[in-house]
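Under the working numbering, the first residue of the sequence shown is numbered 116, with each subsequent residue one higher.
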Amino acid sequence: MDFLVQKRRNARVARKLMKKLLKKQGFAPSSIVTDRLRSYQKAFVDLGLSARHDRGLRANNRAENSHQPVRRQERRQQGFKSPSSAQRFLSVHAATYNTFNCQRHFLSRSSHKILRSEAFTLWKTACQAV
Numbered sequence: 116m117d118f119l120v121q122k123r124r125n126a127r128v129a130r131k132l133m134k135k136l137l138k139k140q141g142f143a144p145s146s147i148v149t150d151r152l153r154s155y156q157k158a159f160v161d162l163g164l165s166a167r168h169d170r171g172l173r174a175n176n177r178a179e180n181s182h183q184p185v186r187r188q189e190r191r192q193q194g195f196k197s198p199s200s201a202q203r204f205l206s207v208h209a210a211t212y213n214t215f216n217c218q219r220h221f222l223s224r225s226s227h228k229i230l231r232s233e234a235f236t237l238w239k240t241a242c243q244a245v
């Protein structure tokens with residue numbers, strides 16, 4: 116999951132987002148879930164992606180709701196001054212959120228404790244490296 120702050124939602128921006136995601140992942144995914152914006156389909160064709168593109172109703176609920184913590188932070192900060200500062204915040208936020216977020220409703224208490232301790236260990240080593 117990734118965020119890209121842009122003024123527009125056209126094919127060029129969709130292609131930029133797909134390139135960023137593919138570069139970050141290092142491999143082509145087997146399926147991609149997006150909203151129903153047609154620009155994503157055009158970006159898929161332009162990039163030659165053969166992945167299954169799922170745009171169905173409620174297929175991207177997880178993606179649509181994942182921005183809620185970001186929106187709460189944005190409201191707390193009374194908005195960002197510029198799109199570049201928003202992008203800087205979102206990049207750092209995504210890295211830390213992905214490290215610590217484990218789907219609690221899927222896990223038992225013992226598994227959750229193990230995953231949280233591993234995440235904190237990873238975080239401590241990352242902080243020491245800086």
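Virtual Cβ for every residue (Gly too), placed ideally from N, Cα, C. Everything numeric in this text was worked out from a predicted model, so none of it was measured.
Can you tell me which of the three DSSP states residue i falls into?
i      : result
ARG123 : coil
SER146 : strand
ARG187 : helix
LYS196 : coil
ASN213 : helix
LYS156 : Before going further, note that residue 156 is Gln rather than Lys in the sequence given. In the structure shown, GLN156 sits in a helix (DSSP, three-state: H, G or I).
Pull up the distance between the alpha-carbon of residue i and that of residue j, whole angstroms please.
i      : j      : result
ALA158 : SER199 : 23 Å
ASP169 : TYR155 : 11 Å
ASP150 : ALA234 : 30 Å
LYS135 : PHE142 : 12 Å
VAL160 : LYS139 : 20 Å
Per DSSP, what are the beta-bridge partners of residue i in this structure?
i      : result
ARG167 : SER146
How about residue i and residue j: do their beta carbons lie closer than 7 Å?
i      : j      : result
VAL120 : GLN183 : no
SER145 : ALA129 : no
ARG124 : LEU162 : no
CYS217 : LEU230 : yes
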